[in-house]
Structure formats: structure tokens, C-alpha cells
Amino acid sequence: LGILKAGGAYVPLDPSYPQERLAWMLEDSQVRVLLTQSALRDGLPEHQADVLCLDEWGGFEQQLPENLGLVLKLDSLAYVLFTSGSTGRPKGVMIEHQALHNFLHDMQLRLQPEPQSYLLAVTTLSFDIAGLELYLPLITGAGIVLTDKETISDGEQLQILLEKHNVCLMQATPATWKLLLDSGWSQKQALTILCGGEALAINLAQALLKQSHQLWNVYGPTETTIWSSAHNVTQYQEQPNLIGKPLSNTRVYLIDTQNYSVPIGIAGELCIAGDGLARGYLNRPDLTTEKFIELEIFGKTERVYKTGDLARWLPDGNLEYLGRIDHQVKLRGFRIELGEIEAVLTQQAMVKDAAVILHEKEGNKALAAYVVLNNDTAEISELREALRAQLPDYMIPSYFTVLEKLPLTPNGKIDRKALPEPEQNQLVSSDATPRNHTELQLMQIWQKVLNIQTISIHDNFFELGGHSLLAVQLMSHIQQQWQQKLPLSVLFHSPTIAQLAQHLQQDSLTHTCLVPMQTQGTLPPLYCLPGAGGHVLYLHALARHLGTEQPVYGLETPGLHGEMAMPDSVEQHAAHLLQVIREQQPKGAYRLAGHSAGGRVALALAHLLETQGEVVEYLIILDTTAPEANLQAAPELTEVDALWSVVKIAEELKNGIIDLTEAEIAIEPDSTQRYALVMQHLQTVGMFAPHTPITELQHLVAIYQTMIRNHASYQPDYQVNCPLILVKAQEVPVEAKRPSSSDWGWQAYSTQPIQIIETAGAHISMLTEPHVGALASTLTQVMNACDKETADKTMLETADIC
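Under our numbering, read the sequence shown as residues -11 to 790, first letter to last.
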């Protein structure tokens, strides 16, 4: 079915379109003549066009053989192609002859099809890439092998056509290429492959390279004429999502939200200018003005199309596609690119195809993955583990639904609207169900806290999307259910239901300050000290991002769980931790890191180690100021101050705002009512579970007050000899007090020049997603540099001795 407009503009339609969609297109295009078949005539919506049924119109041989007397210019319309609109109403893209000519000329030079060779056309005429399949053979003398609807969806039939006609060129979407590969396709003659329409996964590219003479990953929206950039894939291990460089007479700009150009390596919205640009949208001047803009860039004005795609320039001049701006979702405050998760999924050997969406039900949002598996015996737990090695916890889907195949649109793209209701962990091993009443009760708590219904007793809390706030909720529910308080750190030792149940069934628990957070690797351990809250759980993400070569242990505050009295000074705190790490690691070299109030304890601990003749390789201070010398009196943190600090910490962990002010806390007449008010608001945002006793908050505040008092009164009179690395968060609250000096006073406590690093995020959020990955990467580079410097120094000392 097609529409011919006077003047030569062609408007392709698809008879499978809904009546409402066809009616819109007929109305917008205002066609004069409609070409169709008699079988389709009665199914058309109302229109004003003259209908010409080609199967009823005889006498073609009697028509005039001369060309029509039309005068076409470069800016004459070649076709109007309707694409989906965000409002549900299609929009007609007007492509001129100049744009189509420029595209075909580039493709002719790039692909160089031989006369009498054949191109296999598999694209519906209502999809713009059919323009290449129709016109490139006509201008080069090549032949076209047309396929019907049934053949397009049959891999074996496509194989037959490729072999029968010695096809040398074919373009298709990733879904069609997968269809061919799944049918056992083995290419015998040289074939140039074009893959576009959706992202080209690495595993698919590797498979296509084996079948092709040339493989091109092509990119472009309809509004800039079929393809706008191309990348010749030549390596099996090539970086994914490369879309290459612009086609001839095409210019690409990457801009930020203020329409300024972004530098190399920085993500920006991809904008396209040049000869391929469409005239605009048919009868939609408002939409044309919105998407086709005048851009002031590099000293000149360019008319560009804003694609809504994210990309970045690489140093070699290639473009890396990063996904759709409107495919970015926000979950628990984190911005997530769904295409990134899909790319990692399709890299797994067990996965044939994948799609990811943000699923929302009853106000609860979660990531849902749909996978087509290569192996029927594959376990979702294996897939989770593979993702966990490459993605942060907040990007691991909560739902995994296994499908025989992903639903596709008529254009061969994934039809996300047709994906079924997601299922949780569809593949669960037979030993995953609770074996006793304790495990059953724990599973019910996990289901409530994590908002996931199907959970194995062997699933890891963090792999299911658990984080520090949810851990607090989990432990609150456990305490309420069993009247037994488990430390948060138990989740590092026992992150599964089966392991937690064993803890609950023990008569007593032994508390230790040393918490193994990441025990793999052969490097010396990194000991991390938390801030005034005393818990190390919020440091879990940093430990994981530092990698499996770097062991990481947390050092919780002594007395945190009531097993002993809280230390009454930084020196006493450090002395206790010295015994703890000596038991774990009797001899150096030692690596230390301290966050917030823990930074000063880490300084005291480094000093104690050095006075005992041990080597401290480096001391990392995470966003805290140096001790203040000659402090006359340590400020006392009032109950209101402490409660307000807890509220602000919860806000940063929650990445949101708690509807409570410091004045509202202070105005309460007594301590009990102040705690009740704060507890109510902390329970609302999930910091504590419902019905958690006030004593839990009181204990937390007591720990906080003690640590802040010790922190403020600490006045050391010594320096350490180890390298000192100061990490400063870029986001500083207005009320925060920071020294004017760039080193925040730390240089006075080190004999070596200190190294200063600035990192994204605020005081706590720099240690959580999405900022912690960048911090860990920077720290790894710095620690490696320190290691190399130490090794070089040792070699020089050894040479001097010799």
C-alpha cells in the first residue's frame, strides 16, 4: 500500500497499521492518488484520494513511455515517511531529493556494489532504510531480490535466497541477523553486511564477522535520511556501541543541556547537520521548531536535528553510542541507562537476546529484564553473578523473565510495549525453598523489604538490590520478629537467608570490630574506618568497586553493639583497633582509610603502627578536616544537633528530602517526644522498620555524640611518615565549615607532601552509587602509583646496601 503525491513525493504506508493511524497519515499527507490492491481497498479509512488498484488496472504497455514532465529540484520532496510520535500520533518526516542523493552517493562509494550483483531487500517499505534497498541497486546497475512478509520472518528461507541469488549486500536490524544465525546460517559467498536500527551487541558482531566480507554498524534517525554515520567493524574484541564517523557532507555535534558543545569523552545529546537534514515534519510546525533548531557553535550558526540520543566522542574521532535520553530511568535517585544493562546481558554466553525496562506496580519501581537463553539449564543466579561483576548493584534487575523470543515491531525492533508482566527469578534451583520455619520467616521479611516475591534462600542480599538503607530495615524487622539484635555487619558474613538463619539459631553471637568486606586478592588489605555512626555497611560499594585484587576490611567502632564500653578518646579507639588488625595481619605493610570522623582515628592508628616499627604504605582521608591544634574546649553536640545530623545523613543515604526541620525537632518539649518525632520521619523513608523501639535511635545518637566528642577534642602533636591522600567531595553543603587552605590542615600532620583528590558527590554520596565507581577508579590509580613508588624506593635502598 502506498500513496503518491503530485510532484513526486512518495508516502509509504503499511496495511497492518491500525485504522486510526492510517486515518491520521491520510489526513496529514492530503494525498491526491492512492495506490493499492483491490483486496485492501475496503479496509481503508475515509479519505479524499483517488484510488488506483494496480491489480485491476490493465494496459500498462499502452501508456506513454516518456518520463513525466516534472521539474525536480534539489529541494523538491522525495518522500514523506511517517514515524511514531511520543504522543501516539505519527509524524511525517519530509525528505528532499538532495538528502536522498547525498546518502546514496556515500553508500555507493563506501559499499561499491558491482553491476549485476544482487542486494537482498528484507525491509518493509514503511521503514526508511528500504530507501537504500530500492535505490542503491537502481543507480549502480545491481539487482534487487525482494522478500515477502513470510520470508522475512523465516531464517531458513532467507538462507535459501542468499545462496540462490549469490547476494553480495544485505542490511537488516539486529533481530533479523539473529534470526538468520539461529537458523544455522553459513555464508558461502562474499557478503557485505549492514546492521542498524538498534544497538549492535558484541556477541552478535563477532558472529556476523565470521559470515561477512565487510561488516558495517550504521546509525541514523529518519529525520537525517536513513543513516548518518557508519563504522566498519574489523575486530572481534572491539569496543561495543561504536557508530563510527559521519557520512559525507554530514556534521555531528554533541551538546549539553545548555546547547554548548561538550569535550571529547563527555556524554552529550547527538545533533546532526548537513545535506541529509529533513525539511521538517509535515504540517507540524511546532514539532519542527522543537526538534530542528538553530545552533550557535564554533563561531557559526547551524541548523541541526536533536536526535534525543546520547553519545560521546572518542580520541580517535569515532562516536560511541550511549543510548536514548528517554531510555534513561531514575531508580532510587540513580540515573540508569537501560541500554547499558542490555549490552552487558547480551555479552553473556548464556544469553541470546535481552531487553530491560523499568517496571512499576503499586507505586514500587524495579528493573525488569527479559532474556532469551541459549541454554535451557541456565540459572538466573549465574546470570546475576555475571552482571554483578560488571555493573553496580543498583543496575542489577530485580525481575528476570525468560522468553522464547522477544516481541518485535513490523520494523524489526524490540516492541517494549508488548513485553509481558515480569516474573521474579523464573529459574530457581530446587533447593532454593525454605527448609525450616526460621528460613520461611526470613524469606517473608526479605520479600517485604526488597519488594521481590520469588527469592531463593541462597540469593545474595546485595545482588537482589539490597543497600545500606534496606539493610537497616531488614535488621529492624529481624529484631522485632526474634527480639534479637544482629549487627548490620552480619550481612557481609551471611548475605543469604540460609546463612542468616544459622546466626539466628545460635545461642549467642560474638561481636568483632573486624568486618571482612572483600577478602579476595593477594595485595595487602585495606582497612577502612567509618564515620561517627560506627557502622561500615555504607562502605560496601567502595570495597566492591576496588576490585577482587584488593582485600578490604571494615573496622567498626568498639562498643557499637554493646559488647564493651565506647572509647572515650581517639587514642583509645585507635589502640583497640591496633590489637584487632595485629591479629588479622601481624606485620606490615598496612593500608588505612578513614571516612569523616574515622579519618582522625586512622591518623592515630597510623602513628601507633609507625611507632612500633611497622610500615604504613599510605593513609587515605575521606572528606574530613584535620585536627584543630590548640583547641581550648571541644564543642558538645546537643541532643537536637545529633538528631538533626542523623536526619541529614538519612537524607543523603535516601537521596531525597525528609519533611522535617531542625526547628521542629527543637520545639518538642522533652527528649522522648523529640526522639518519637524523628523516629516517625525516619520510618517514613525506610531508615527504620515500623514499630522499631525508640531505644534503637537513642543508641545510634549516643554513639554519634561520643564519636563527635572524641573527634573534636583530638589534638595530636605528631606527624606520620606515610603518604597521605586527601579525598574531598565536590558537593559541599552551605552550612558545612571547611578550612580555607586546600589541604584542610592535613599537611601539618605528615612529613610528606600530601596528595589531594576531588571526587563527585557529597560527604556520604561520594561513597555510594552512582559516584563510588569513579572514586574507586581514582583511588586504585593513586594506590598503584604509591605501590610503584615504594617498590622503586626499595630497589634503590637495596642497591645502596649492595
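All C-beta atoms in this analysis are idealised placements derived from N, C-alpha and C, irrespective of residue type, glycine included.
These numbers come from a predicted model, not from an experiment.
Nearest to residue i (by Cα), restricted to the options the options
i      : options                        : result
Val708 : Pro678, Leu596, Glu8, Glu684   : Leu596
Ala630 : Gly761, Pro251, Ile691, Gln508 : Ile691
Pro518 : Thr612, Ala299, Pro273         : Thr612
Ile285 : Lys436, Val250, Ile345, Gly400 : Val250
Gln472 : Glu330, Leu333, Leu492         : Leu492
Leu23  : Asp30, Leu40, Gly31            : Leu40
Gly256 : Leu126, Leu307, Val68          : Leu307
Thr164 : Val110, Ser557, Ser105         : Val110
Trp204 : Glu656, Gln223, Thr210         : Gln223
Leu438 : Phe480, Ser477, Ala354         : Ala354
Met82  : Leu69, Asn90, Leu88, Ser444    : Leu69
Leu65  : Gln538, His201, Gln86          : Gln86
Pro395 : Tyr358, Gly57, Tyr106          : Tyr358
Ala261 : Tyr269, Val292, Leu58          : Val292
Asp263 : Pro273, Pro385, Gly131, Asp63  : Asp63
Collapsed DSSP secondary structure at residue i in the structure displayed
i      : result
Asp403 : coil
Leu346 : strand
Arg312 : strand
Gly768 : Note that residue 768 is Thr in the sequence shown here, rather than Gly. It is helical.
His89  : helix
Ala109 : strand
Thr276 : helix
Met158 : strand
Gln227 : coil
Lys725 : coil
Trp732 : coil
Lys176 : coil
Ala195 : helix
Ala531 : helix
His153 : coil
Val635 : helix
Met552 : coil
Beta-bridge partners of residue i, as assigned by DSSP
i      : result
Thr612 : According to DSSP, Thr612 bridges with nothing at all.
Tyr526 : Paired residues: none, contrary to the question.
Phe70  : Gly80
Phe388 : Ala357
Ala717 : Thr747
Ile140 : DSSP output for Ile140 lists no bridge partner at all.
Pro234 : Ser217
Trp798 : The structure shown does not extend to residue 798, since the chain spans only -11 to 790, so no value can be given for it.
Arg793 : With the chain covering -11 to 790 only, the question about residue 793 has no answer from this structure.
Val862 : Here the chain comprises residues numbered -11 to 790, so residue 862 is not present and cannot be evaluated.
His583 : Leu610
Ile260 : Val240, Tyr293
Span separating the alpha-carbon of residue i from that of residue j
i      : j      : result
Leu124 : Ile181 : 15 Å
Ala459 : Asn448 : 12 Å
Cys156 : Glu226 : 24 Å
Leu530 : Glu757 : 9 Å
His542 : Gly454 : The sequence shown places Gly at residue 542, not His. Looking at the two C-alpha atoms, the distance is approximately 18 Å.
Ser633 : Tyr737 : 28 Å
Arg312 : Gly327 : 8 Å
Ile608 : Leu92  : 58 Å
Glu559 : Met695 : 12 Å
Gln199 : Gly172 : 11 Å
Gln7   : Pro398 : 16 Å
Leu375 : Gly535 : 14 Å
Gln100 : Asp116 : 21 Å
Lys79  : Ala762 : 41 Å
Arg267 : Val715 : 52 Å
Gly587 : Met754 : 15 Å
Ala187 : Gly400 : 12 Å
Ala406 : Ile345 : 12 Å
Leu122 : Pro234 : 22 Å
Val689 : Pro727 : 27 Å
Using 8 Å as the Cβ pair cut-off and three pairs as the minimum, do the region 233 to 244 and the region 139 to 159 touch? no
Should the region 179 to 196 be called in touch with the region 129 to 148, which here means at least 3 C-beta pairs below 8 Å? no
Cβ contact check for the region 548 to 557 and the region 572 to 581: 3 or more pairs under 8 Å: Touching, no.
Is it the case that the region 329 to 346 contacts the region 294 to 303, given that we only count it when at least three CB pairs across the two stretches are under 8 Å? Three or more Cβ pairs closer than 8 Å define a contact, and the region 294 to 303 falls short of that threshold against the region 329 to 346.
Does the contact criterion of 3 or more C-beta pairs under 8 Å hold for the region 359 to 379 versus the region 190 to 197? no
Examine the Cβ distances between the region 500 to 512 and the region 563 to 579 and report whether three or more of them are shorter than 8 Å. yes
Any chance the region 657 to 676 sits against the region 479 to 487, with 3 or more Cβ pairs inside 8 Å? no
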